[in-house]
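Student: If you read the sequence shown in the numbering used here, its first letter stands for residue 460, the second for the next number, and so on.
For each residue, glycine too, the CB sits at the ideal point set by N, CA and C.
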Amino acid sequence: MFREQVAVLRGSLSSEDRARHELVRFGALLHENRFVAATDGNLSVRLEQGRVMITPSGFSKGMMQPEDMVVVDLAGGKLQGTHNASSEVEMHLAIYQERRDVDAVVHAHPCTATAFACNGISLEEPICAEVVMTLGKVPLAPYATTGTPELTRSIRPFIRDHQAILLANHGVVTYGEDLLTAYLRMEAVEHFAKVTLAARQIGAPQVLNPVQLEALEHARRKYVDRRPTKFERPALALETLWPQLARRN
Numbered sequence: 460m461f462r463e464q465v466a467v468l469r470g471s472l473s474s475e476d477r478a479r480h481e482l483v484r485f486g487a488l489l490h491e492n493r494f495v496a497a498t499d500g501n502l503s504v505r506l507e508q509g510r511v512m513i514t515p516s517g518f519s520k521g522m523m524q525p526e527d528m529v530v531v532d533l534a535g536g537k538l539q540g541t542h543n544a545s546s547e548v549e550m551h552l553a554i555y556q557e558r559r560d561v562d563a564v565v566h567a568h569p570c571t572a573t574a575f576a577c578n579g580i581s582l583e584e585p586i587c588a589e590v591v592m593t594l595g596k597v598p599l600a601p602y603a604t605t606g607t608p609e610l611t612r613s614i615r616p617f618i619r620d621h622q623a624i625l626l627a628n629h630g631v632v633t634y635g636e637d638l639l640t641a642y643l644r645m646e647a648v649e650h651f652a653k654v655t656l657a658a659r660q661i662g663a664p665q666v667l668n669p670v671q672l673e674a675l676e677h678a679r680r681k682y683v684d685r686r687p688t689k690f691e692r693p694a695l696a697l698e699t700l701w702p703q704l705a706r707r708n
């Protein structure tokens, strides 16, 4: 069954319909990995012609259907859909406005990373080489009420120079060139939070020195230069996560 779905997503669906299916799939992954509970979290993708497709308000991320998605313009006006857009749509739009290279945004509440955010602690110490290479620093945005313009203002100073942001007393937002990238960055933030917590419980984490960081930055640039673009890997998001997705079919 799942192989048939992947075949459909590879060839016969429009880019907009493919986006609907990927929002469903990655929403289900957030739910399956307990990065969200109840109706928490939201995901979106940038479409052509100044439009954004976002998950609906009030839906479990593990129970969405492709037709549930909502399309809005860059001012937040609803263009398509029978449901209301996520109440945090303005946060997504701010990221798209600040970062033309970003085509997907994921917001969730993974437990350990959110615990750091609730304690007012950012994830910026360079103690893990892989995180330095693939994610970078994860700053902490000041607290702002969810679903308000204040939330958008609180994250805006961090958007351009980071790939993920902790939201004080709230959760995490990640973004990237596609949903796969944005989702994997959410996984990386939560993993790094767990590593940081464990390292601090054991003792004093050893911070990488400037020479080591420079070497990692050099390696990162080489890695990024070799990565395929999203246009070279139209079905990669689904194929990469095959083992996890296949278990549900």
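1) So, at 8 Å on beta carbons, what are the nonlocal neighbours of Met645 in its own chain, with the 5 sequence-adjacent residues on each side left out?
2) Quick check on Tyr682: buried or exposed, where buried means 16 or more other Cβ atoms within 10 Å of its Cβ?
3) Consult DSSP for His675 and reduce its assignment to one of helix, strand or coil.
4) Tell whether a beta-carbon distance below 8 Å holds between Met528 and Thr541.
5) Measuring only the C-alpha atoms, how far is Leu672 from Lys596?
6) Taking the alpha-carbon of Asp499 as reference, which of Asp562, Ala487, Leu506 and Gln508 has the nearest alpha-carbon?
7) For His629, is the classification buried or exposed, using 16 other Cβ atoms within 10 angstroms of its Cβ as the cut-off for buried?
8) Verify whether the separation of the beta carbon atoms of Cys577 and Phe651 is less than 8 Å.
9) Can you look up Val495 in the DSSP assignment and give me helix, strand or coil?
10) Give me, in chain order, the residues of the same chain whose beta-carbon lies closer than 7 Å to that of Ala696; leave out the 5 immediate sequence neighbours on both sides.
11) Contact check, Pro585 vs Leu667 under 8 Å by CB: the rounded distance?
12) May I ask which residues mark the beginning and end of the beta strand (DSSP E) holding Val531?
13) Quick one: what's Gly579 bridged to in DSSP?
14) From Ala641 to Arg659, what does the alpha carbon distance come to, in whole angstroms?
15) Assuming Val548 contacts Leu538 (C-beta within less than 8 Å), just tell me the rounded distance between them.
16) With DSSP collapsed to three states, give me the class of Met512.
Tutor: If we stick to the structure as given:
1) Walking along the sequence shown from the start, residue 645 turns up at place 186. Same-chain partners within the cutoff: Leu489, Phe494, Val565, Ala567, Pro569, Ala623, Val631 and Thr633.
2) Counting from 1 along the sequence shown, the entry for residue 682 is found at position 223. Counting Cβ neighbours within 10 Å, Tyr682 comes out exposed, since fewer than 16 surround it.
3) Taking the first residue of the sequence shown as position 1, residue 675 is located at position 216. Looking at the sequence itself, residue 675 is Leu, so the reference to His does not match. The answer is helix: DSSP assigns Leu675 an H, G or I state.
4) On the sequence shown, position 69 is the one that residue 528 refers to. On the sequence shown, position 82 is the one that residue 541 refers to. No, these two residues do not count as a Cβ contact at 8 Å.
5) Locating residue 672 in the sequence shown gives position 213, counting from the first residue. Locating residue 596 in the sequence shown gives position 137, counting from the first residue. Their Cα atoms are separated by approximately 12 Å.
6) Within the sequence shown, numbered from 1, the residue matching residue 499 stands at position 40. Of Asp562, Ala487, Leu506 and Gln508, the residue nearest in Cα terms is Ala487.
7) By 1-based counting over the sequence shown, the position of residue 629 is 170. His629 comes out buried.
8) Your numbering for residue 577 matches position 118 in the sequence shown. Your numbering for residue 651 matches position 192 in the sequence shown. No.
9) As a position in the sequence shown, residue 495 is number 36, starting the count at 1. It is coil, neither helix nor strand.
10) Here residue 696 refers to the residue found at position 237 of the sequence shown. Its pLDDT being 44, under 50, Ala696 is placed unreliably in this model, and the coordinates cannot settle the point.
11) Your numbering for residue 585 matches position 126 in the sequence shown. Your numbering for residue 667 matches position 208 in the sequence shown. Between Leu667 and Pro585 the Cβ distance is about 5 Å, and since that is below 8 Å, they are a contact.
12) Residue mapping note: residue 531 aligns to position 72 of the sequence shown, counting from 1. Val531 -> beta strand (DSSP E) spans Val529 to Asp532.
13) Taking the first residue of the sequence shown as position 1, residue 579 is located at position 120. The partner list for Gly579 (beta bridge, DSSP) is empty, contrary to what the question assumes.
14) Counting from 1 along the sequence shown, the entry for residue 641 is found at position 182. Counting from 1 along the sequence shown, the entry for residue 659 is found at position 200. So the alpha carbons of these two residues sit roughly 27 Å apart.
15) One-based indexing of the sequence shown puts residue 548 at position 89. One-based indexing of the sequence shown puts residue 538 at position 79. Rounded, the Cβ-Cβ distance is 12 Å, inconsistent with contact.
16) For the purposes of this step, residue 512 is taken as the residue at position 53 of the sequence shown. The answer is strand: DSSP assigns Met512 an E or B state.
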